[in-house]
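Notes for the one structure printed next.
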RNA sequence: GCGCUCAUAGCUCAGCUGGAUAGAGUGCUUGACUACGAAUCAAGAGGUCGCAGGUUCGAAUCCUGCUGGGCGCACCA
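Residue numbers (the numbering used here): -12 to 556.
This is how it looks when you write it as structure tokens:
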């Protein structure tokens, strides 16, 4: 909750008795133009009840209202009551806040004592990690950090796709055509090759399918040979996945994949049966959802084995019992919407009141040059290749623009990887992304490197200023920051806490991504127009404070998005 | 067929859950490095907010219909 907005809202509440204070707060908006003030309250809705023209109401409120603390004046423009900040005081207050909060800037403790489970990334073992998997991973990671910033306790879970018939296939393929060393060297690629080989051979010899199902059944029954092969495939794959996660800077609290629930599903099936939810249909078991306009939710195949939904239901119950979550978030692409709607409904029908705390957060799909990415076809774009390409391109740019930079390789990784993550987090979750090699490595304009560059540049000014000069957050005069250009920067800082709250509330990291672009833009404008180092003493001090604040705020924003903020680049 | 979802500048997208003259980036045209980092900044051109109705003081935003794209619809995950 932004406290300045709250001040304006409280002042209004005295004169708008017909509305709840929270409603007034929600109605407060930021005017489109600078000269219209900083917060505005539209009076049109009051007109009918009060039998007066909105302009008149606005004028009366503006006349009667006590100008709240931190504000300079309250006037009306048309049907709006417009609040104007006391720019000097706001600048001093905001900068003091940023400097004292440091890495906690924009955070809060509203989530204290509440647990958020976040289920993200969840790649399939033995399948390549391509650009499509990036989304779940980076959005989940960003939400993790945003929630944590607001005081929530987060549990990051990588629900690996490590169970199912496909492992029977891989086992059969490995036993027929596999090579131990190849899997150790390149686990994911080798396992994928085996998977593809299996499908080729099946065309000639359909009995392989039965053999594969048989091997999966052996897995489910605890057969030692089957399980040791499966375990080995898994651990080799996870080792390789962890390299990618390390590069992305993503961590999980648990790697509890689908296999983890193998021995936990039977009681759940029993529970469903006890609650009279289970129906038999053509040998399979399902929960009928016709009353809710959905196809039935299948939880057991006619051969007795379980399904995706069974494991998700089991996992949700397990997580509730283990972590007692406040919310449990699932990050997958939107093609799984129905699946989640179905099993959420099953949880509800089981009588669990926390069914409403399960949240599916769907996101758009990644296409390659407009075409669907398919593992079996050649259209796959490996994440590793994208990251490597970005890093290489950044290295070239560094050699060109800043050849004397220390730790070039390290910085190139920060910037290259940052660019890829930032790009993924800059649009609304639900939008599809069209990946293109041509545009993927452009680092100008609204990009991660732009924000990182702005951060590095701010750092550069501070270094040159010789930091020994007093950076006392109270020891400067905000009057020097009340011009329009400086003030635009202050406002972006002032809105910061609201933006983070909003991003959290909507589970939409792009709101934060957009805001740090805006902040960087406002700052770069300031930077061009206002010399810092050569400014007169008091002014220099005030501007240095602003530079330091922006640097801090950008670092916080980038960190919350899972992106590093290098000092130099 | 039914359901979900998307449609805003040439391209990629914002638009704060109904508010003031619809904004950025990119691309194009042009200007700014002997002031703190030009991965930057400034200026210009660029719009029937898919189409048609409706709701009201007011609609890109909400409702209905249509068109077009994407996704989904019981033994895959």
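Every residue, glycine too, gets a C-beta built ideally from N, C-alpha and C.
- For residue 502, DSSP assigns no beta-bridge partner whatsoever.
- The beta-carbon distance between residue 408 and residue 553, rounded to whole angstroms, is 14 Å. This is too long to meet the 8 Å contact definition.
- Short of 8 Å from the beta carbon of residue 304, and not among the five residues preceding or following it, lie these beta carbons of its own chain, in chain order: 255, 334 and 339.
- Straight-line measurement puts the Cα of residue 283 at about 13 Å from the Cα of residue 269.
- Annotated as proximal: residue 105 and residue 316, with beta-carbon spacing under 8 Å.
- Of all C-beta pairs linking the segment 194 to 207 to the segment 156 to 174, three or more are shorter than 8 Å, placing the two stretches in contact.
- Looking at the backbone, the Cα of residue 100 and that of residue 134 are separated by about 12 Å.
- The DSSP-derived three-state label of residue 261 is helix.
- If the five residues before and after residue 214 are omitted, its C-beta is found closer than 7 Å to the C-beta atoms of 206, all from its own chain and listed in chain order.
- Annotation: the segment 140 to 224 contains the following complete segments of the beta strand (DSSP E) (minimum length 3 residues), in chain order: 140 to 144.
- For residue 53, no alpha helix (DSSP H) encloses it, and the DSSP letter there is neither H nor E.
- Taking all protein chains shown into account, residue 164 has fewer than 16 neighbouring C-beta atoms within 10 Å of its C-beta and is therefore exposed.
- With respect to the 8 Å criterion, residue 118 and residue 318 are not classified as neighbours on the basis of their beta carbons.
- Taking a contact to require three or more Cβ pairs closer than 8 Å, the segment 171 to 184 and the segment 124 to 142 do not qualify as touching.
- The three-state secondary structure of residue 27, taken from DSSP, is strand.
- In this structure, the CA atom of residue 372 is about 14 Å from the CA atom of residue 175.
- In the displayed model, residue 519 falls within coil according to three-state DSSP, outside both helix and strand.
- Looking at the backbone, the Cα of residue 502 and that of residue 311 are separated by about 33 Å.
- Between residue 541 and residue 438 the beta-carbon gap is near 6 Å, inside 8 Å, which marks them as a contact.
- Between the segment 510 to 521 and the segment 444 to 451, the count of C-beta pairs closer than 8 Å reaches three or more; the two stretches touch.
- Per the coordinates, the alpha-carbon of residue 88 lies some 18 Å from the alpha-carbon of residue 76.
- DSSP, read as helix, strand or coil, puts residue 111 in strand.
- For residue 52, same chain residues with a beta-carbon under 8 Å away, outside a window of 5 residues either side, are -2, -1, 1, 2, 61 and 68 in chain order.
- With a contact defined as Cβ atoms closer than 8 Å, residue 93 and residue 487 qualify at about 5 Å.
- Only exposed fits residue 251, as fewer than 16 other CB atoms lie within 10 angstroms of its CB.
- In this model, residue 42 and residue 23 are separated by some 15 Å (Cα to Cα).
- In the DSSP assignment, residue 492 falls outside any beta strand (DSSP E) and lies within the alpha helix (DSSP H) extending over 483 to 492.
- Around the C-beta of residue 112, 16 or more other C-beta atoms lie within 10 Å, and the residue is accordingly described as buried.
- Per DSSP, the continuous beta strand (DSSP E) segment holding residue 350 begins and ends at 345 to 350.
- Ranked by Cα distance from residue 485, the options 4, 16, 238 and 8 are led by 16.
- Residues of the same chain with a CB within less than 7 Å of the CB of residue 246, apart from the 5 flanking positions on each side, are 149 and 150 in chain order.
- Counted as a single uninterrupted DSSP element, the stretch harbouring residue 526 is not any beta strand (DSSP E) but the alpha helix (DSSP H) occupying residues 524 to 547.
- Of the residues assessed, residue 183 falls on the exposed side of the cut-off, its CB having fewer than 16 other CB atoms within 10 angstroms.
- The beta carbon of residue 271 is closer than 7 Å to those of 285, 287, 288 and 289 in its chain, skipping five residues each way along the sequence.
- As the crow flies, the alpha-carbon of residue 84 is around 33 Å from that of residue 234.
- For residue 349, the CB contacts under 6 Å within the same chain, skipping 5 residues up- and downstream, are 321 and 324 in chain order.
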